[in-house]
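Colleague: My questions will all concern the structure given below.
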Amino acid sequence: FDHFSKILSFFNQNDYFVRDKKRMFKILHFNLCFQLFYQLSSSITYRIFFLNIALICANMQFFNFVFVYICYTIYIENSKQIQDQLKKLMKWWHQREQNDKSDIIEKFKIMSKYKWKDKITKEDIDSIRFTIDAYLYLLTAYVMMDKNKKLIKMKELTFEEIFRQTHNFLEWKDLQKMKNENTKFELFNMKNNMIESDETVRKNFENAEPSFQLLWTPEIIGKTKTIKNALMDLKSRHKLHKNKKNYDALIMIISGHGDDGDKISINEIREFFGCRQINL
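Take the sequence shown: its position 243, counting from 1, is numbered 857 in our numbering, and each next residue is one higher.
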């Protein structure tokens with residue numbers, strides 16, 4: 615503001631401007647606005663633009679000019695901060711892009727040293743291509759259940775994933791049926807082949823439109839017990855006697871007591887076989 619003070623002293627020494635203070639302040643405003651905007655501008659186009667602004671501000675009151683100047687200063691400061699942030703962002707993006715390129719080049723160098731690349735066959739190429747296509751696109755399939763066809767979306771080609779997805783669209787009535795009728799459902803493809811491994815799932819996804827079906831099967835409830843051969847058990851525990859009386863039939867020993875505590879009377883056994891000639 616040294617320039618401003620020099621202009622003010624010049625106006626005070628000149629009687630013409632002292633008598634017409636209004637004219638003095640207009641010229642003073644214009645000079646101050648022009649100097650400020652001229653120094654802030656860099657190109658000729660912006661300097662002409664700020665010259666027009668200075669002419670407008672010279673006709674304003676002093677407080678209006680101060681308000682315009684403060685708003686402009688705030689705008690300049692904010693624009694500088696925005697430009698600095700953009701410069702930092704572009705610098706970070708460029709550095710990240712260079713780092714990604716370096717990582718890719720390094721990975722290709724490491725892969726080129728492996729020996730497996732020379733052992734890839736034509737069959738392997740088809741499998742690799744299918745795997746890449748499967749992961750590039752969303753894995754979808756159709757599942758039929760009770761004549762209802764629904765679409766499922768899978769994240770990976772595993773039996774666990776398709777089993778989870780098929781359970782997700784079961785309704786409450788289906789769960790009640792499983793509980794009341796002791797049934798469960800099994801997953802099959804459209805050729806009625808059971809799906810029970812990751813390999814069978816991947817094989818069915820090689821089709822253009824993979825489809826599966828859920829079939830209800832009865833669930834066997836109860837304990838199974840291994841029954842030994844009665845004759846082998848008899849031979850191992852007892853001695854075999856010679857058939858002195860020349861029987862032409864197999865002799866069976868029937869126990870009237872079971873493991874669960876129930877018992878059958880001899881008369882019931884005779885009535886069951888319809889013969890009272892059984893020797894006890």
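Using N, Cα and C, we set each Cβ at its ideal position, and we do this for glycine too.
When burial is assigned at 16 or more other CB atoms within 10 Å of the CB, is Gln827 buried or exposed?
Modeller: Buried, by the Cβ-count rule.
Colleague: Near Asp812, what residues of its chain come up, given a Cβ to Cβ distance below 6 Å and the 5 sequence neighbours on each side ignored?
Modeller: Excluding sequence neighbours, Asp812 sits near Thr772, Phe773.
Colleague: Measure the alpha-carbon distance for Ser716 versus Arg710 and round it to whole angstroms.
Modeller: Their backbone Cα atoms lie some 10 Å apart in a straight line.
Colleague: If we require 4 or more residues per run, which alpha helix (DSSP H) segments fall completely within the stretch 778-829?
Modeller: Segments of the alpha helix (DSSP H) lying fully in the stretch 778-829: 786-794, 812-818.
Colleague: Determine the contact status of Thr754 and Lys769, defining contact as a CB-CB distance below 8 Å.
Modeller: Going by C-beta atoms, Thr754 is not nearer than 8 Å to Lys769.
Colleague: Taking Cβ positions, are Phe802 and Leu784 nearer each other than 8 Å?
Modeller: It is not a contact, given that the beta carbons lie outside the stated cut-off.
Colleague: Going by DSSP, what residue range makes up the beta strand (DSSP E) through Thr754?
Modeller: Start and end: 753-759.
Colleague: Would you tell me roughly how many angstroms separate the C-alpha atoms of Arg816 and Thr831, rounded to the nearest one?
Modeller: Taking the straight line joining both Cα atoms gives about 24 Å.
Colleague: Report the three-state DSSP secondary structure of Thr659 (helix, strand or coil).
Modeller: Low per-residue confidence applies at Thr659: pLDDT is 47, beneath 50, and the placement is therefore not dependable, though the value from the model is reported in the following sentence. The answer is helix: DSSP assigns Thr659 an H, G or I state.
Colleague: Report the rounded CA-to-CA distance for Glu760 versus Phe819, giving the unit in angstroms.
Modeller: Note on identity: in this sequence residue 760 is Asp, with Glu being the wrong assignment. Taking the straight line joining both Cα atoms gives about 22 Å.
Colleague: Starting from Asn857, trace the beta strand (DSSP E) both ways and give me its first and last residue.
Modeller: Neither: Asn857 is in no beta strand (DSSP E) and is coded neither H nor E.
Colleague: For Leu765, which three-state DSSP category applies?
Modeller: Of the three classes helix, strand and coil, the one that applies to Leu765 here is strand, per DSSP.
Colleague: With a 10 Å radius around its C-beta and 16 neighbouring C-beta atoms as the bar for buried, classify Ile776 as buried or exposed.
Modeller: Buried, since its Cβ has 16 or more Cβ neighbours within 10 Å.
Colleague: Give me the Cα-Cα distance between Asn806 and Ile742, rounded to the nearest whole angstrom.
Modeller: Asn806 and Ile742: Cα-Cα distance of roughly 28 Å.
Colleague: For Asn782, which residues from the same chain have a beta carbon less than 8 Å from its beta carbon, with the 5 sequence-adjacent residues on both sides left out?
Modeller: Once the five neighbours on either side are set aside, the close Cβ partners of Asn782 are Ile766.
Colleague: Please report the straight-line C-alpha distance between Lys798 and Gln790, rounded to a whole angstrom.
Modeller: Roughly 11 Å separates the two Cα atoms.
Colleague: Which partner residues of Thr831 appear in the DSSP bridge assignment?
Modeller: In the DSSP output, where bridge partners are listed per residue, Thr831 has Lys798.
Colleague: Helix, strand or coil: which one does DSSP assign to Glu770?
Modeller: Coil, per DSSP.
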